[in-house]
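Reading through the structure tokens given below for one structure.
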Amino acid sequence: MRMSLSSFNRRPSQPVKTLAMGDKAATVVAIAAQKGGVGKTTTAVSLASAWARFHGLKVLLIDLDPQANCALALRAGLGEGGGSLAEVLSEGKGKEVAEIAIASGVPGLDVTPDDPELQQVEARLAGKIGKELALRKAIERSRTHYDLIVLDCPPHLGPLSVNGLAAADQVIVPCTPSALALAGVSGVVQAIHEVRGQLNPNLALLGVVLTRVDARNKATNGAAMSLIEEAFGELVLPEKVEVNNALAGAQLAGQDIFAHAPASRGARQYMDLAEALLTRIDQGR
Ligand SMILES: Nc1ncnc2c1ncn2[C@@H]1O[C@H](COP(=O)(O)OP(=O)(O)OP(=O)(O)O)[C@@H](O)[C@H]1O
Ligand SMILES: [Mg+2]
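Residues 536 to 820, numbered by my numbering, are exactly what the sequence shown covers, in order.
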């Protein structure tokens, strides 16, 4: 049968969403750095936990890194079930991230489960039209169930990180006091400019956070920090996170720092950072 012009040109139907609308309007915060090991996952898990625990916010932590460290870092209290983020992102059937997330054990904080399939998502998305917007679409309704959505991005600026930046409102860039890490921050800043121009005009840099600062290395720290402050000025938060073994211990124990070592310096510094960032987020709303 020949197709008529009107049926060919009919608007395609959108995938049906099964998740009901909630009454919240989440701000989406991406934690991104173009360098490995600078404390992205520790920062994502600690901030998300602090915002849920101490500010009474409903928070969703989405692990965009195929190494799946967020669920691992919270594994001691993880709920059962959940689904595949890779499937949500690559199949585009209208499923929402909130539908596959699980309770983290931290009251008010949900997290996406470990998903080995995420390794393949970058390749699966590669040939698709709209590939950069898969996550943005998959949190359209999830946003109405949370106050904050935190994205832990992989350490390179591939398709999953670009999806993170395209879906985010704000970006937090962790940086260790080193020249290499500073170059990584510049890489993210460049990516933010590009994503803003092409995909997400409202994307903003919320701040650069100094992490894993070794208080014993005063000379190197001082030199690296002046370079970072010179480059990013007020964007660098005065609240820093020093090297603290309790943070590495929390990750090993599968607990957030506030459950694992509530009196530690790491807990106190992430609590202060969470509060300072929340003030910046509220000012930007
Ligand atoms: N402030 C800190 N003090 C001590 N150890 C830390 C601190 N922050 C992070 N770590 C440890 O350093 C390692 C790297 O941290 P993390 O996994 O948060 O970095 P990342 O940027 O997410 O790394 P990747 O690029 O591999 O995803 C981990 O073992 C973590 O426990
Ligand atoms: Mg990580």
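Positions of the beta carbon are idealized from the N, C-alpha and C atoms, including for glycine.
The alpha helix (DSSP H) with residue 804 in it runs from where to where? 800–819
When you compare each of 796, 807 and 746 to residue 577 by their alpha carbons, which one comes out closest? 746
How about residue 486: is its Cβ closer than 8 Å to a heavy atom in ligand 2? Residue coverage of the chain in this structure runs from 536 to 820, which leaves residue 486 outside it and unanswerable.
Can you find a heavy atom of ligand 2 that lies under 8 Å from the Cβ of residue 814? no
With a 10 Å radius around its C-beta and 16 neighbouring C-beta atoms as the bar for buried, classify residue 670 as buried or exposed. buried
DSSP beta-bridge partners of residue 667: According to DSSP, which records beta bridges pairwise, residue 667 is partnered with nothing at all.
Can you pull every residue whose C-beta falls closer than 7 Å to some heavy atom of ligand 2, listed in chain order? 575, 576, 600, 602, 604, 687 and 690
What does residue 709 pair with, by DSSP beta-bridge criteria? 744
Please report the Cβ distance between residue 559 and residue 593, rounded to the nearest whole angstrom; I am assuming they are in contact, meaning their Cβ atoms lie under 8 Å. 7 Å
Along the chain, which unbroken stretches of the alpha helix (DSSP H) at least 4 residues long are found entirely within the region 626–707? 632–635, 653–661, 669–673 and 694–702
Whole-number beta carbon distance between residue 742 and residue 772, since they are thought to touch under 8 Å: 5 Å
Ligand 1 and residue 546: does the residue's C-beta get closer than 8 Å to at least one heavy atom of that ligand? no
Compare the C-alpha of residue 565 against each of 807, 638, 686 and 691 and name the closest. 686
At a cut-off of 8 Å, would you count residue 596 as near ligand 1, judging by its Cβ distance to the nearest heavy atom? no
Using beta-carbon positions only, say whether residue 640 and residue 614 come within less than 9 Å of one another. yes
Could you pull out every residue in the same chain whose Cβ sits closer than 6 Å to the Cβ of residue 735, ignoring the five residues on either side in sequence? 701
Residue 693 CB to nearest heavy atom of ligand 1 below 8 Å: no
Nearest-angstrom Cα separation, counted from residue 628 out to residue 546: 17 Å
Where do the ends of the beta strand (DSSP E) carrying residue 565 lie? 562–566
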